[in-house]
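Participant:
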Amino acid sequence: MDGVALDYGAGAPALREVTLALPPGSFTFITGESGAGKTSLLNIIGLALRPTAGTLRFLEHDVADLDRSELASLRRQIGMVFQNFRLLDHLTVLENVMLPLLVAGVPSAERKAYARELLAWVNLGDRLDWFPPALSGGQQQRVAIARAVISRPKLLLADEPTGSVDDEIGMRLIGLIQALHREGATVVFATHDRNLVDQLRYPEIRLSGGKMLRVPAAAPAGLER
Amino acid sequence: MKGQGRIFRADASSRYLPWVLGLATFLATLSLAALLAVDRTLDRWDNTAAGTITVQIAPSDDPGTDAIRARSIQMKLRADPDVLEAELLSVDQVTDLLAPWLGGAARAGELPLPRVLHVRVRDAGSDTSERLAALVESAAPGTVVDDHRIWRSRLVNYTAWLRGGLALQLVLVLTVSGLTAVFITLSRMTIHREAVRLLHQLGADDSFIAAGLMRQSALSAAAAAAVGFALAASFLFILGQAAAGMDDAFMPLLRLQHLDWIWLAAVPLGLVVLTAVVAGFTARRRLNRLA
Numbered sequence: 007m008d009g010v011a012l013d014y015g016a017g018a019p020a021l022r023e024v025t026l027a028l029p030p031g032s033f034t035f036i037t038g039e040s041g042a043g044k045t046s047l048l049n050i051i052g053l054a055l056r057p058t059a060g061t062l063r064f065l066e067h068d069v070a071d072l073d074r075s076e077l078a079s080l081r082r083q084i085g086m087v088f089q090n091f092r093l094l095d096h097l098t099v100l101e102n103v104m105l106p107l108l109v110a111g112v113p114s115a116e117r118k119a120y121a122r123e124l125l126a127w128v129n130l131g132d133r134l135d136w137f138p139p140a141l142s143g144g145q146q147q148r149v150a151i152a153r154a155v156i157s158r159p160k161l162l163l164a165d166e167p168t169g170s171v172d173d174e175i176g177m178r179l180i181g182l183i184q185a186l187h188r189e190g191a192t193v194v195f196a197t198h199d200r201n202l203v204d205q206l207r208y209p210e211i212r213l214s215g216g217k218m219l220r221v222p223a224a225a226p227a228g229l230e231r
Numbered sequence: 031m032k033g034q035g036r037i038f039r040a041d042a043s044s045r046y047l048p049w050v051l052g053l054a055t056f057l058a059t060l061s062l063a064a065l066l067a068v069d070r071t072l073d074r075w076d077n078t079a080a081g082t083i084t085v086q087i088a089p090s091d092d093p094g095t096d097a098i099r100a101r102s103i104q105m106k107l108r109a110d111p112d113v114l115e116a117e118l119l120s121v122d123q124v125t126d127l128l129a130p131w132l133g134g135a136a137r138a139g140e141l142p143l144p145r146v147l148h149v150r151v152r153d154a155g156s157d158t159s160e161r162l163a164a165l166v167e168s169a170a171p172g173t174v175v176d177d178h179r180i181w182r183s184r185l186v187n188y189t190a191w192l193r194g195g196l197a198l199q200l201v202l203v204l205t206v207s208g209l210t211a212v213f214i215t216l217s218r219m220t221i222h223r224e225a226v227r228l229l230h231q232l233g234a235d236d237s238f239i240a241a242g243l244m245r246q247s248a249l250s251a252a253a254a255a256a257v258g259f260a261l262a263a264s265f266l267f268i269l270g271q272a273a274a275g276m277d278d279a280f281m282p283l284l285r286l287q288h289l290d291w292i293w294l295a296a297v298p299l300g301l302v303v304l305t306a307v308v309a310g311f312t313a314r315r316r317l318n319r320l321a
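Line by line, the protein sequences are chains A and B.
Residue numbers for the first sequence follow my numbering, beginning at 7 and rising by one.
Residue numbers for the second sequence follow my numbering, beginning at 31 and rising by one.
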């Protein structure tokens with residue numbers, strides 16, 4: 007992205023003059039205090055919002071030139087783990103995880119089989135028919151991660167995925183995200199957890215008041231746990 | 031999860047839709063049934079009255095003379111090129127015709143009865159009618175010629191208004207159903223805006239989301255329309271039973287034929303299709319306005 011700005015129309019702009027590139031297969035932290043613009047930046051990268059200024063390119067496409075249908079097609083290559091999970095409470099765990107495959111038009115038997123496999127991978131194989139409100143925060147977050155990765159996205163965006171879980175669960179969730187990264191996905195991980203960033207030593211983009219303070223180093227070299 | 035229909039959970043608005051559509055189906059089915067009944071009655075009037083003229087020969091003191099005059103007029107009419115048929119009704123036939131008004135008196139021969147001729151003509155226009163009236167008047171002064179045009183024209187006028195009213199009622203019911211579908215779809219999109227945002231983020235395009243809303247609307251509409259139609263059909267069946275044995279020569283009765291039921295069955299089907307199409311169209315328009 008080049009010179010990207012985002013202005014919601016009320017108050018100060020959420021992002022100002024953000025310029026960065028995310029190499030394929032990279033793992034990048036986005037850090038900053040609350041209100042620094044982390045979620046806004048993730049929403050721009052995830053094509054949930056269009057920048058109000060600047061240029062955004064995604065997989066060789068200039069996003070400004072894309073129509074709604076083309077944008078939807080690109081979004082299917084993005085997995086997103088939301089800070090507040092955003093699970094649909096009236097659907098079971100299995101149905102929530104299958105959702106991206108349903109959107110992609112994958113046949114029922116195939117999406118069910120893959121969702122079961124993935125839920126077993128995140129240790130929720132015995133909670134397939136449960137509804138999200140009956141799960142703990144950590145379990146809900148694992149469901150959200152399973153949903154984000156089920157379509158094998160080229161880009162995984164995680165917005166404070168460990169913010170609402172305890173340390174042990176948090177480290178397990180990060181382990182899951184790292185496993186996906188090892189399989190080739192580009193990962194962008196927003197957090198305000200300084201210890202985590204220092205511990206894993208992936209490149210970091212620091213935001214403050216919507217502006218970038220630090221550009222990631224050229225060679226991403228994470229310390230995997 | 032079999033499809034996108036379940037993505038949007040049931041809400042207050044989706045519980046309201048079946049009531050409206052059930053009622054709409056009931057009203058629309060009855061309106062259409064009434065429209066069909068009126069149409070059939072009008073057709074019958076057309077078939078029986080158009081092209082016919084009734085000649086009434088006033089009774090005299092001597093029934094024998096009346097019969098001779100009637101035969102003479104019949105012969106004159108048959109000789110006319112515009113007359114296809116001139117049938118002289120028997121005294122019994124005339125008695126039967128008058129029985130509803132005169133009761134037993136007509137049958138008992140207490141009252142003098144006119145002789146009546148049913149005449150089928152090539153063209154029941156005013157020229158033919160007036161010419162034949164002059165013809166019979168010359169043969170038997172005081173003879174009345176009735177070409178049915180006046181009463182038929184009044185009835186046609188009346189039924190045209192009735193048909194218009196019923197058709198308008200049908201259109202209004204369909205319009206209200208369509209507007210309800212618009213209102214409920216917009217409400218549901220507001221209620222489920224988070225789910226809509228999530229689906230967009232997961233890569234769903236507008237047609238996928240619209241199809242989900244459309245499918246759910248169609249399913250709840252189908253159940254409601256089936257109930258509404260069943261109630262209306264039961265009501266029409268009871269009305270049909272009540273009309274059994276009644277004469278519908280001058281009054282539209284709700285006696286339905288097989289073909290009518292096919293038309294009526296199209297009402298719930300049409301309402302379900304209308305609801306689904308309107309829901310899909312409304313959803314797509316609203317989604318298209320989102321950033």
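The beta-carbon is built from N, C-alpha and C at its ideal position, and this holds for glycine as well.
For a quick check, are the C-beta atoms of Ala58(B) and Leu266(B) less than 8 angstroms apart?
Facilitator: Looking up residue 58(B) in the second sequence gives position 28. Looking up residue 266(B) in the second sequence gives position 236. For Ala58(B) and Leu266(B), no; Cβs fall outside 8 angstroms.
Participant: In three-state DSSP terms, what is Gly228(A)?
Facilitator: Locating residue 228(A) in the first sequence gives position 222, where the first residue counts as 1. Confidence in Gly228(A) is poor, its pLDDT being 44 and thus under 50, which makes the residue's placement unreliable; the coordinate value appears in the next sentence. Of the three classes helix, strand and coil, the one that applies to Gly228(A) here is coil, per DSSP.
Participant: Would you give the residue range spanned by the beta strand (DSSP E) that Val174(B) belongs to?
Facilitator: Walking along the second sequence from the start, residue 174(B) turns up at place 144. Start and end: 174-176.
Participant: Check each residue of the region 200-231 of chain B: if its Cβ is closer than 9 angstroms to any Cβ of chain A, include it; give the result in chain order.
Facilitator: Listed by position along the chain: Glu224, Ala225, Arg227, Leu228, Leu229, His230, Gln231.
Participant: Nearest by alpha-carbon distance to Val149(A): which of Ala110(A), Asn102(A), Gly176(A), Ser114(A) is it?
Facilitator: What you label residue 149(A) is simply residue 143 of the first sequence in a count that begins at 1. Of Ala110(A), Asn102(A), Gly176(A), Ser114(A), the residue nearest in Cα terms is Asn102(A).
Participant: Using CA atoms only, rank isn't needed, just tell me which of Val203(B), Val68(B), Ala169(B) is closest to Arg99(B).
Facilitator: Working through the second sequence from its first residue, we reach residue 99(B) at position 69. The candidate whose alpha carbon is nearest that of Arg99(B) is Ala169(B).
Participant: Do three or more CB pairs link the region 198-211 of chain A to the region 37-54 of chain A at distances below 8 angstroms?
Facilitator: Yes, they touch.
Participant: Answer yes if the region 61-81 of chain A comes into contact with the region 232-241 of chain B, meaning at least three C-beta pairs across the two stretches below 8 angstroms, and no otherwise.
Facilitator: At 8 angstroms Cβ cutoff, the stretches touch.
Participant: Rounded to whole angstroms, what is the Cα-Cα separation between Gln271(B) and Asp110(B)?
Facilitator: Position 241 of the second sequence, counted from the start, is the residue given in the question as residue 271(B). Position 80 of the second sequence, counted from the start, is the residue given in the question as residue 110(B). Distance between the alpha carbons of Gln271(B) and Asp110(B): 46 angstroms.
Participant: Report yes if the CB atom of Leu72(B) is closer than 8 angstroms to the CB atom of Val186(B), and no otherwise.
Facilitator: Working through the second sequence from its first residue, we reach residue 72(B) at position 42. Working through the second sequence from its first residue, we reach residue 186(B) at position 156. Cβ distance < 8 angstroms, so Leu72(B) and Val186(B) count as in contact.
Participant: Check distances from the C-beta atoms of the region 60-81 of chain A to those of chain B and list, in chain order, the residues that come in under 9 angstroms.
Facilitator: So the close ones are Arg74, Ser75, Leu77, Ala78, Ser79, Leu80, Arg81.
Participant: Going along chain A in order, which residues have a C-beta closer than 9 angstroms to the C-beta of Phe311(B)?
Facilitator: Your numbering for residue 311(B) matches position 281 in the second sequence. Result: empty, since nearest Cβ-Cβ is about 16 angstroms, beyond 9 angstroms.
Participant: Flag this pair as yes or no: are the beta carbons of Leu143(B) and Glu117(B) separated by less than 8 angstroms?
Facilitator: By 1-based counting over the second sequence, the position of residue 143(B) is 113. By 1-based counting over the second sequence, the position of residue 117(B) is 87. No.
Participant: Evaluate contact between the region 60-70 of chain A and the region 41-60 of chain B, counting only Cβ atoms and requiring at least three cross-stretch pairs below 8 angstroms.
Facilitator: As far as the Cβ criterion goes, the region 60-70 of chain A does not touch the region 41-60 of chain B, which means the pair count is below three.
Participant: With a threshold of 7 angstroms on Cβ separation, who are the neighbours of Val270(A) within its own chain once the five nearest residues in sequence on each side are excluded?
Facilitator: The displayed coordinates of chain A run from 7 to 231. Any statement about residue 270(A) would go beyond what the structure contains.
Participant: Mind listing the chain A neighbours of Asp235(B)? Cutoff is C-beta to C-beta under 8 angstroms, in chain order.
Facilitator: To locate residue 235(B), count along the second sequence from 1; it is residue 205. Those are Arg74, Ser75, Ala78, Ser79, listed as they occur along chain A.
Participant: Short of 7 angstroms in beta carbon distance, which residues of its chain neighbour Ala309(B), apart from the five on each side in sequence? Order them along the chain.
Facilitator: For the purposes of this step, residue 309(B) is taken as the residue at position 279 of the second sequence. The residues are Ala211, Thr215, Leu243, Met244, Ser247.
Participant: By Cβ distance, which residues of its chain are closer than 7 angstroms to Gly169(A), with the 5 residues on each side in sequence left out?
Facilitator: Residue numbering aside, residue 169(A) sits at position 163 when the first sequence is read from its first letter. The answer, listed in chain order, is Gln89.
Participant: Quick check on Asp41(B): does DSSP put it in helix, strand or coil?
Facilitator: Against the second sequence, residue 41(B) aligns to sequence position 11. The answer is coil: DSSP assigns Asp41(B) none of H, G, I, E or B.
Participant: Might you give, ordered along the chain, the residues of its own chain that have their beta carbon closer than 6 angstroms to the beta carbon of Arg81(A), omitting 5 neighbours on each side?
Facilitator: To locate residue 81(A), count along the first sequence from 1; it is residue 75. Answer for Arg81(A): Leu53, listed in chain order.
Participant: So if DSSP puts Phe195(A) in a beta bridge, which residue, or which two residues, is it bridged to?
Facilitator: Here residue 195(A) refers to the residue found at position 189 of the first sequence. DSSP output for Phe195(A) lists Phe35(A), Ala164(A) as bridge partner(s).
Participant: Strictly below 9 angstroms CB to CB, what residues from chain C border Gly52(A)?
Facilitator: Included in the structure are the protein chains A and B, with no chain C among them.
Participant: Straight-line CA distance for Ala163(B) to Gly195(B)?
Facilitator: Indexing the second sequence from 1 puts residue 163(B) at position 133. Indexing the second sequence from 1 puts residue 195(B) at position 165. Approximately 38 angstroms between the Cα atoms of the pair.
Participant: So, helix, strand or coil for Val149(B), using DSSP?
Facilitator: Within the second sequence, numbered from 1, the residue matching residue 149(B) stands at position 119. DSSP places Val149(B) in strand when its eight states are reduced to three.
Participant: Can you give me the Cβ contacts of Ser102(B) inside the same chain, cut-off strictly under 7 angstroms, excluding the 5 residues immediately before and after it?
Facilitator: As a first step, residue 102(B) must be located in the second sequence, where it is residue number 72. Excluding sequence neighbours, Ser102(B) sits near Ala169.
Participant: If distances are taken between C-alpha atoms only, which option among His230(B), Phe311(B), Ile268(B) comes closest to Leu55(A)?
Facilitator: In the first sequence, the residue the question calls residue 55(A) occupies position 49. Nearest option by C-alpha distance: His230(B).
Participant: Could you give the residue range of the beta strand (DSSP E) that holds Thr82(B)?
Facilitator: The residue given as residue 82(B) occupies position 52 in the second sequence. Unbroken beta strand (DSSP E) run through Thr82(B): 82-87.
Participant: In chain A, what lies closer than 9 angstroms to Arg39(B) by C-beta?
Facilitator: What you label residue 39(B) is simply residue 9 of the second sequence in a count that begins at 1. Simply Leu94, Asp95, His96, Leu97.
Participant: Does the structure place the region 132-140 of chain A close enough to the region 91-101 of chain A that three or more beta carbon pairs sit under 8 angstroms?
Facilitator: The answer is yes - the region 132-140 of chain A touches the region 91-101 of chain A, with three or more Cβ pairs under 8 angstroms.
Participant: DSSP beta-bridge partners for Asp68(A)?
Facilitator: One-based indexing of the first sequence puts residue 68(A) at position 62. Asp68(A) pairs with Arg63(A).
Participant: Where do the N-terminal and C-terminal ends of the alpha helix (DSSP H) with Ala274(B) fall, by residue?
Facilitator: Working through the second sequence from its first residue, we reach residue 274(B) at position 244. Unbroken run through Ala274(B): none, as it is neither H nor E.
Participant: 8 angstroms is my cut-off, CB to CB: does Met86(A) come that close to chain B?
Facilitator: Here residue 86(A) refers to the residue found at position 80 when the first sequence is read from its first residue. With 8 angstroms as the cut-off, Met86(A) counts as an interface residue toward chain B.
Participant: I want to verify the contact list: residues of chain B whose CB lies under 7 angstroms from the CB of Pro167(A), in sequence order.
Facilitator: To locate residue 167(A), count along the first sequence from 1; it is residue 161. The contacting residues do not exist; Pro167(A) stays about 15 angstroms from chain B at best.
Participant: Per DSSP, Ile84(A) is paired with what?
Facilitator: As a working note, residue 84(A) is residue 78 in the first sequence. Per DSSP, Leu161(A).
Participant: Bridge partners for Leu21(A) per DSSP, in chain order?
Facilitator: Here residue 21(A) is taken as the residue at index 15 of the first sequence, counted from 1. The partner list for Leu21(A) (beta bridge, DSSP) reads Leu12(A).
Participant: In chain order, what residues of the same chain have a beta carbon less than 6 angstroms from the beta carbon of Gly190(A), not counting five sequence neighbours either side?
Facilitator: For this step, residue 190(A) is matched to residue 184 along the first sequence. Taken in chain order, the residues that qualify are Gly31.
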